[in-house]
Structure formats: C-alpha cells, structure tokens
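Here's the structure we're looking at; comments come further down.
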C-alpha cells in the first residue's frame, strides 16, 4: 500500500464507519496519546523498564496507531503526505548528504 492509498483507505473508513473526522485539535491530542503509547512499548522493549503483568510488546500495532492518526490529520488538512515525504527526503539529502557520513560518532566502528 502506498502512502496515497493509505490516506485514501483511512478516508474511506472514516466516511463509512467513523461518522466524521474528529477535530484537528482532538486528532492532535490523539496523536500525542498514541506516540506516548509507542514510547511506553519502546521503553519497555529496548530501555530499562520491564513490562507490567499482562502487558505485551505490540510495537507494530502502536506504530500503526500513530500512522493512522497522522493520516487522519493529513486528510483533514489537505496535506498530500506522498508529496511532503518526497520533499522532506530531498531537503534532508541536500542538507545532510555528507553530514552523517563524515560524523566520527557514527563511524567509530568502521
């Protein structure tokens, strides 16, 4: 599924099952909540915390939840994420094409 197809699939789901999009402000709060849930799983999986009894690692599910709300925000604000991601890749390539390659902190094991 492409990003454009994902935006379309989310939009279709909202129209079919979701009644309407939540407000942009509500979706921003939802995005923050989902990022927090993702952070919790990462901290327990890769950090020093452990899972509580009954908790499980659902890393992919939490990432998908973040993506879902981001796609909602893009749809309701008229942002084409395919175009914006391409622009971001081009910007980062122009700005950072030599930066990371020449960073001794990243290349100390070479």
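Numbering (this note's numbering), first residue to last: 389 to 498.
Every residue, glycine too, gets a C-beta built ideally from N, C-alpha and C.
This structure is a prediction, so every number in the text was calculated from the model and none was measured.
| Got a sec? Which residues, its chain only, sit under 7 Å from residue 395 by beta carbon, not counting five neighbours each side? | Here the question's residue 395 lines up with position 7 in the chain shown. Same-chain partners within the cutoff: 459, 462, 463 and 469.
| query | To the nearest angstrom, how far is it from the Cα of residue 433 to the Cα of residue 443? | reply | Start at 1 with the first residue of the chain shown, and residue 433 comes out as number 45. Start at 1 with the first residue of the chain shown, and residue 443 comes out as number 55. Approximately 11 Å between the Cα atoms of the pair.
| request: For the alpha helix (DSSP H) containing residue 436, list its first residue and its last residue. | output: Locating residue 436 in the chain shown gives position 48, counting from the first residue. Under the DSSP assignment, residue 436 falls outside any alpha helix (DSSP H); it carries neither an H nor an E label.
| So, is residue 415 buried or exposed, given that buried needs 16 or more other C-beta atoms within 10 angstroms? | Here residue 415 corresponds to residue number 27 of the chain shown, with the count starting at 1. Residue 415 should be labelled buried.
| field | DSSP-derived helix/strand/coil call for residue 467 | value | In the chain shown, residue 467 corresponds to position 79, counting from 1. Coil, per DSSP.
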